[in-house]
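Residue numbers (this note's numbering): 1 to 326.
Backbone N, C-alpha and C define an ideal beta-carbon position, used for all residues, glycine too.
This one's a predicted model, so the numbers in the text were calculated from it and none came from an experiment.
The structure appears below as structure tokens.
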């Protein structure tokens, strides 16, 4: 009896609906909220520092538009108020913002199309924008989302500076300790970046780099710390790659005997199955032969009995006929 089993073909899973441009922009604005909680108060601090340094009120929004760099703007307020030479200002800007060079290695700038949009994305690549974009999965990154997040971040900064100007104009006395807002923001971003044990070695290397920079070159500690940190990260990456290669080679060497053993087991199992099948076939053939021989014997015996039964009446009838004739 044969059973007809029809194969069941699973229907393909429906592909997710494409995200519209408006939804991507809304997602970028939502991404900026976490960084905006630190950017806006820091902008207020900038506006207050501008007034306390004796600079005109328009300097805060102008500086926020001309040099959107966060910590650098706070330094520029004091340098401009102290009439620092231009060469010293340029060197300070290079040292402080040199970290942005390393941001370019992993910042998703390739997603942005158009010369104007790409130029603005480079201009608005601040620490907070980089931290937010790095936390997003690669599949969720897009140019509208990235640009919306950067534009919203700059609006928080410029708006915070204007609010700081308004608040500073209404306060009777200067406010001290506002520069700590920048340190607090970076601390929060750092803690948010390290979410697993795999990130602990990087934090340790960063601490070692800063310590050595403060001891060896205290005047340009940030610049030295960045160079040391990059060198240590490269060395760590090479060490991890070498360990992974050694582990892969060790796994391959252990896998070869296991594969040979598995093949031997499969061969033995296959031979056993074939022997069992052959024995079963022989047993079935022998049983069939015995059944056929037994059936033939029974048929011959039955035929002999029937022949004897029919021959006896015929012999008696012939004997009677011979007697009558006699």
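Asked: Any contact between the stretch 151–163 and the stretch 20–37? By contact I mean 3 or more CB pairs, one from each, below 8 Å.; Found: yes
Asked: Can you give me the C-alpha to C-alpha distance between residue 231 and residue 247, rounded to a whole angstrom?; Found: 24 Å
Asked: I believe residue 213 touches residue 225 by the beta-carbon criterion, under 8 Å. Please report the beta-carbon distance rounded to the nearest angstrom.; Found: 4 Å
Asked: Short of 8 Å in beta carbon distance, which residues of its chain neighbour residue 68, apart from the five on each side in sequence? Order them along the chain.; Found: 123, 124, 126, 154 and 157
Asked: Going along the chain, which unbroken runs of the beta strand (DSSP E) with 3 or more residues stay wholly within the stretch 24–84?; Found: none
Asked: Within the same chain, show all residues whose beta-carbon is closer than 6 Å to that of residue 21, passing over the 5 residues directly before and after it, in chain order.; Found: 144
Asked: Does the stretch 78–87 come within contact of the stretch 105–112, defined as at least 3 CB pairs closer than 8 Å?; Found: no
Asked: Work out the CA separation of residue 64 and residue 130 for me, nearest whole Å.; Found: 18 Å
Asked: Hey, residue 147 and residue 93: beta-carbon distance below 8 Å or not?; Found: no
Asked: Could you tell me the distance, in whole angstroms, from the CA atom of residue 71 to the CA atom of residue 27?; Found: 27 Å
Asked: Give the DSSP-derived three-state secondary structure of residue 219 in the structure shown.; Found: helix
Asked: How big is the Cα-Cα spacing for residue 242 and residue 234?; Found: 12 Å
Asked: I need the DSSP call for residue 327, collapsed to helix, strand or coil.; Found: As displayed, the chain neither begins before 1 nor continues past 326, which places residue 327 out of reach and without an answer.
Asked: Short of 6 Å in beta carbon distance, which residues of its chain neighbour residue 165, apart from the five on each side in sequence? Order them along the chain.; Found: 47, 57 and 60
Asked: Under the rule that 16 or more other beta-carbon atoms within 10 Å means buried, what is residue 45, buried or exposed?; Found: buried
Asked: Please go through the stretch 116–162 and give each complete alpha helix (DSSP H) segment of 4 or more residues, from N-terminal end onward.; Found: 127–135
Asked: If you follow the alpha helix (DSSP H) that residue 87 is part of, which residue opens it and which one closes it?; Found: 86–96
Asked: Within its chain, find whatever has a CB closer than 6 Å to the CB of residue 343; leave out the 5 residues flanking it on each side and keep chain order.; Found: Nothing about residue 343 can be reported from this structure: the residues present for the chain run from 1 to 326 only.
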